[in-house]
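One structure is given below, encoded as structure tokens.
Number of protein chains: 2
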Amino acid sequence: MNKNYIEPNEWSIIENGFDAENVEASESLFSIGNGALGQRANFEEDYSGKTFQGSYIGGIYYPDKTRVGWWKNGYPEYFAKVLNAPNWIGIHVVINGNKLDLNTCKISNFQRELNMKEGWLSRSFNAELPSSEKIAVSAKRFISIKYNEVGAIEYNVKAINFSGEIEFSPYIDAGVMNEDANYDEFFWEILEVVEGENSGCILSKTLKTEFHVSTAMEISLAKNNKEVLVAQKTKVEEKKITYSYKIDINEGDVATIFKFGSYTSSLNYKNEDLNSAALSNVQNAKELGFNALLESQIKSWDEIWSTADIVIEGDVKAQQGIRFNIFQLNQTYMGTDARLNIGPKGFTGEKYGGSTYWDTEAYCIPFYMATKDQEVAKNLLKYRYNQLDKAIENAEKLGFTNGAALYPMVTMNGEECHNEWEITFEEIHRNGAMIYGIYNYVNYTQDFSYVPEYGLEVMIAVARFWYQRANYSAAKDKYVILGVTGPNEYENNINNNYYTNYLAKWCIEYTVECLNKVKHDYTNDFDRVMSKTNLTFEETYKWLNVSDNMYFPYSEEHQVYLQQDGFLDKELIPVEDLDASQRPINQKWSWDRILRSCYIKQADTLQGMFLFEDKFKKEEIERHFDFYEPITVHESSLSPCVHSILAASIDRMPKAYEMYLRTSRLDLDDYNHEVHEGCHITSMAGTWMAVVQGFGGMRVWEDGILSFNPQIPKEWKSYAFTINFRGNIIKVYKSQTECKFLNESEKEIKMYVNDTEILIPPKKSIIV
Amino acid sequence: MNKNYIEPNEWSIIENGFDAENVEASESLFSIGNGALGQRANFEEDYSGKTFQGSYIGGIYYPDKTRVGWWKNGYPEYFAKVLNAPNWIGIHVVINGNKLDLNTCKISNFQRELNMKEGWLSRSFNAELPSSEKIAVSAKRFISIKYNEVGAIEYNVKAINFSGEIEFSPYIDAGVMNEDANYDEFFWEILEVVEGENSGCILSKTLKTEFHVSTAMEISLAKNNKEVLVAQKTKVEEKKITYSYKIDINEGDVATIFKFGSYTSSLNYKNEDLNSAALSNVQNAKELGFNALLESQIKSWDEIWSTADIVIEGDVKAQQGIRFNIFQLNQTYMGTDARLNIGPKGFTGEKYGGSTYWDTEAYCIPFYMATKDQEVAKNLLKYRYNQLDKAIENAEKLGFTNGAALYPMVTMNGEECHNEWEITFEEIHRNGAMIYGIYNYVNYTQDFSYVPEYGLEVMIAVARFWYQRANYSAAKDKYVILGVTGPNEYENNINNNYYTNYLAKWCIEYTVECLNKVKHDYTNDFDRVMSKTNLTFEETYKWLNVSDNMYFPYSEEHQVYLQQDGFLDKELIPVEDLDASQRPINQKWSWDRILRSCYIKQADTLQGMFLFEDKFKKEEIERHFDFYEPITVHESSLSPCVHSILAASIDRMPKAYEMYLRTSRLDLDDYNHEVHEGCHITSMAGTWMAVVQGFGGMRVWEDGILSFNPQIPKEWKSYAFTINFRGNIIKVYKSQTECKFLNESEKEIKMYVNDTEILIPPKKSIIV
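As you go down the protein sequences, you meet chains A and B in turn. Each residue of the first sequence is one higher than the last, beginning at 1 in this note's numbering. Each residue of the second sequence is one higher than the last, beginning at 1001 in this note's numbering.
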């Protein structure tokens, strides 16, 4: 892998020069999407080199048969998997009878650009074919945010050294497979191939899940910037439809094809309307024209950036990194559809079945809450509410009763999509993140109504889970939680994981607190929920007996909570004393060796202190940070951001900055040698938090008051970010010498800055 | 599964009546083998119903690609798997042009018998074909012990209600696959199909491992007991050769085919000699004739039974059960080839890749040591010695250095054949069993020479493993062993498993003890081994520092060693209080629930007390038995035997008998609903121990003295067994009223009976 080939640029991701070794990595990095659908940056024309083809539609999944070496009771037989969708971007390009294929041509002046400010992908290059024709190609493509079922391509070919004929053969190919199919099965059935004049579509449905999708294309052609009408030759195959157009050209002429594509799916239409809707989409797009569509695209992204941008002065790579993170998060999830969520690879790859992890609640909600309307975060919460029945089923499979719920580790539709027992069955702290997400939302927005309307049912089901999952230890005269995996997945089947026990106790207490509030303020909802869940207050007393008597492993000697029982039996050798040849340990060491070592993959005890910072004294956090960080290897993409934020909160800016560097350009610099499989979307929200919560020190304390404590890495000139706080836009600017807050709203805003209360009048700024 | 269909009989396994539901179970139960090769009891003629076809050759394996859901560092990419071999038993039988197929005929008088006394399998039935012909079939088959590459079939068809033509088409089919192939691959390549007159063979080789095998057949035919010569039609296909013979018959006539089959393999021949050797095998067999071969078979089994039989009076099912166990053990392993070992399914199925488990050292060696020449046990030990290099490689993969060895959990050739991290990497107590096997052999035989010649190198490599695997715990000021799975596989990744720590300490101590003895008595061997292993006594002092300071979890309250750290945090609810609907828990509960429960799959702490009984006081064993047995679910086939023996040793005969019943007819009564996959061979040695060591109370104490303490279950009239003790045959008889010892050797034997020393003169018996 040729690392660091991305050109530093404040607003664009740029690749200069063609290197076949980078094709798959670039296909991930230059991916485009609009939250509803997306695609890897595959070439439009044929490419015979190594490539990973991928187009994805949000919410369309397939239950793939589980593959394991040795079956354990409780594994899901099938699980939902991100599905590669029919390809509409393809265009065979033939020059005087010779196929254009970058793998066989001499290429020069190759440049690829992902313009994040405006939301489009472009590519230009000169190619000399083996048959000696020289051409200059430029192509631009985007997935529309405004018309969110539509994408558009402009593809130009200039004849440099010849006259003759250029043949464009745009096609739809529904014969796609998943790279990660467990049994090489085909997941789509083709129902209908519809041909027409310059437009056509294929209706297909997914096997088993029976999602119906129509994939349409519409073509127009131009020569030297003037539309031309060209005779169409149609080829219909079982799973593919291809139109061919031949354009006569002279040396210096430019032949252009515009291709508009669309997906319509049974998530949004009746099956019988899918084809006409898709065809009408592409026809409207063509009538609007490529340029008008592009204008609206630029406008959409301008609106997104107005509330989401982070400006960093004095460090182009840091600027590029943070914008790439924000851009990809927006491409993955726009927040308008409660059926969708934030896949760990977004629309950039298909690794990991399913799309939703506890990352959403623990890492992503703050970003969406602060950069978008609060409905967006609410939709993320509702996603889990809508899957509560499946979470209860999931818990029943594992032997829980009485409406206890265990949310899946990974899911698309509520079904568990993972099958390692130590994760699937034991990494149960995820259940607590569901409740933390609600708490975080209520606290940030002060919109408590979500609790009586939706959240309370989830909270009761999760509290029931914790109550049943803990057991009384006669030896300790306390309640213990045995056999878990904490956020640090480098420990499995451990007892009394501090983070898990803490969350369990907190979940019960917060649920009972909310129950009391709902009883008092939302009588109708209270009656409805108590009746629906068959809950009595007697039951909650039993829960409280567990939470009141929860056991937490603690070391008097080190004055720290221990990650788990027996942690001090390990040899505590700091990471810095570990030979470099041994790292990353997840590539160098066998699993047993990792497990019995002291090394921590990502924040675990510290994750609790990050989420519940206000419950701990600063010295306590320092002590735990000093105990755990030196033995943390940060081999999860979710690790550095949390440590960056905690380090900033205990005034250790060099450490905070070091950790920030590790999170912000993870994919652009391909630290983990795996970007070809797709980008790490959810950890990008952690990068955003590292700036806003870490350097900016933003908090919303339990009393609902906004607070900042801005610091700046000495390597930067300044940084600035924007947040949407309960509908009020606040801009924060911090340089080495100045700290400024601008209240763009119509209301006075009260906040704390460095522990001092300040009031900012409407439309005014204040320098602190 | 229709259980309990096997007729009680002292010497035979008998099935009366045809039930298609029982076909696969009977194919397992009626399996035949001779320690070098074996086969399931598949029908010779075609059968279109459910069947599991299997023929196996000892030592011929295939490295199948590992399949997992999620890869962990350290898993083997490939592992050796028991290989289904070309089928030579098949005979298409056609009556007047109509194929005989029990799945389509009316069947009556069906009987199948496995005669264990004489070592043959027979089958007889009347069939009415859909085309109305009625026939009576009788067939007999065996795998010769004396000519151990050869098997023979006699197959008779009597025409009951018609005249016409019977066509026999015997064949060799090399187009076989493994049922458990991970990727449905074909494992054999066919090299040559050799046709001839009444004989033929196929030469094939295994892919990757390149084992070459020739499979031959030789045919002769008879009518009404007189040999007939019949014209042969030959059909050669790519992977199959078939000869056809038509015999004209009248009503009442009997047509007979004799088929002799043979495998020769590159384990024993040069590749170019395989075909001629196989063809010569079957020709010799034919010349000897079926009846002479059968006579020699009966003689071979008579010799085996003369030292291995256990006679139980007063309980036919118990008698049948123990003989079935002894018979299958002998069919699986005869002990004459140090390249072979005792597969958990023998030649009765292909479940579980690989063939050798720690079962061999912990369960099987005592049986072979006491019922055969001591060379047999020595061959079993040498098997591990020969695989020492691979065990060192295996340890290196997991990060161990300096010649430390970790023997694989399951293997065929030294390579690890299992890939669950909690087993493969963590169930390391198996390494101790390797040393225990040596200790047990030396102690029983007093043949110490095995240690300097072979064993010491293994011991040093294993001691090095334990030294590196333990780590110093500052918190405990002791050495601890973290992250293991004990014999009780219902706990994973636990710390300080008592059994594992005990074995580790013992291994080091025994190794140093042997080192000192070898230094003193075998100077040349000592120098050779020290130089080969680069060992110094300084290194052994470091080992001893670990063994001297090994940590053992102990409960003062219960006065028992704890199975592992934190065991008392569990809810200790006895198995008898568990609802019957919840059992077996391995079928009813998800894995996490099993793990965090207190339930024990098989002896763990008690396994240590079983192996090292002389190191514990009787009261101590009682206390541990009373603590652990009530929470033991005995869901491993290896559990009841150990508990039966321990119960007998603490004078609890009802418990000992209850446990004996669970072990002795496990397969015959198909307790686990899985006998169709094959029989549980290794636990059968545990059944033998339950009689000899349990009821008979046989021990060889550390001073090398033989000792008995016979008891008898009140349900039996008497039992008797024979042991070979250092070349001396001793017969033990115990009834409700009498206890008798017969010394068949030429030497006086000294032994303890009920703690009293007795001397038995040569060829004399003594009643105690």
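Virtual Cβ for every residue (Gly too), placed ideally from N, Cα, C. Keep in mind the model is a prediction, meaning the values are calculated, not measured.
Taking 4 residues as the minimum length, the alpha helix (DSSP H) runs contained wholly in the stretch 390–475 of chain A are 421–424, 430–445, 456–469, in order along the chain. For A:LEU759, the closest Cβ of chain B is not nearer than 9 Å.
For B:LYS1072, at least one C-beta of chain A is nearer than 9 Å to its own C-beta. Excluding sequence positions up to five before and after B:SER1745, its CB lies within less than 8 Å of the CB of GLY1727, ASN1728, ILE1729, ILE1730, PRO1762, LYS1763, all in the same chain and listed in chain order. Between A:GLY151 and A:PHE260, the gap from beta carbon to beta carbon is short of 9 Å.
Within the same chain, Cβ atoms closer than 7 Å to the Cβ of A:TYR472 are found at TYR479, the five residues on either side in sequence being excluded.
Take the alpha-carbon of A:TYR498 and the one of A:TYR407: they are about 20 Å apart.
With a cutoff of 9 Å on beta-carbon distance, A:TYR657 and A:PHE708 are scored as not near each other. Relative to A:PHE695, the option among A:ASN84, A:CYS739, A:VAL193 whose CA is nearest is A:CYS739. Remark: three or more beta-carbon pairs, one from each stretch, lie closer than 8 Å, so the stretch 1375–1392 of chain B and the stretch 1331–1351 of chain B are flagged as touching. Remark: C-beta atoms of A:GLU113 and A:SER12 approach each other more closely than 9 Å. Note that the C-beta distance between B:GLU1416 and B:TYR1719 is not below 9 Å. Here B:SER1555 is exposed. Its C-beta has fewer than 16 other C-beta atoms within 10 Å. Unbroken beta strand (DSSP E) runs of no fewer than 3 residues, entirely contained in the stretch 1051–1079 of chain B, are found at 1055–1065, following chain order. Around B:LYS1476, the beta-carbon contacts reaching into chain A at under 9 Å are LEU568, ASP569.
For A:ALA720, the secondary structure class from DSSP, reduced to helix, strand or coil, is strand.
Taking a beta-carbon distance threshold of 9 Å, A:ARG652 does not count as an interface residue toward chain B. The alpha-carbon separation between A:LEU706 and A:GLU375 amounts to approximately 19 Å.
Distances from the CA of A:LYS747 to each of A:SER590, A:PHE725, A:SER48, A:GLU167 were compared; the closest alpha carbon is that of A:PHE725. In the DSSP assignment, A:TRP543 falls within the alpha helix (DSSP H) that extends over 537–548. Excluding five sequence positions before and after B:GLN1446, the CB atoms of its chain that fall closer than 7 Å to its own CB belong to GLY1704, ARG1726, given in chain order. A:ARG665 has its alpha-carbon roughly 11 Å from the corresponding atom of A:SER683. Interface with chain B (9 Å Cβ-Cβ cutoff): A:GLY69 is included. Judged by their CB atoms, B:THR1605 and B:LEU1562 are nearer to each other than the 9 Å cut-off.
Around the beta carbon of A:LYS570, 16 or more other beta carbons lie within 10 angstroms, which makes this residue buried. Apart from sequence neighbours up to five positions away, the residues of its chain that approach A:ARG623 with a beta-carbon distance below 7 Å are GLN559, VAL560, ordered along the chain. Look at B:THR1756 here: in three-state DSSP terms it is strand. Counted as a single uninterrupted DSSP element, the beta strand (DSSP E) harbouring B:ASP1173 occupies residues 1164–1173. Residue state for A:GLU303 is assigned as helix, using DSSP reduced to three classes. Cβ neighbours of B:SER1355 within its own chain (closer than 7 Å, five residues either side excluded): VAL1082, ASN1341, GLY1343, MET1412. Here A:PRO452 is buried, its C-beta having at least 16 other C-beta atoms within 10 Å. Here DSSP, grouped into helix, strand and coil, assigns A:LYS532 to helix. When DSSP states are grouped into helix, strand and coil, B:VAL1642 belongs to the helix group. Partner residues in the beta bridge of B:SER1265, as assigned by DSSP, are B:VAL1213. Of the residues B:LYS1239, B:TYR1522, B:CYS1679, B:PRO1710, the one whose Cα lies closest to the Cα of B:ILE1032 is B:CYS1679. B:GLU1237 and B:SER1639 have their alpha carbons spaced roughly 49 Å apart.
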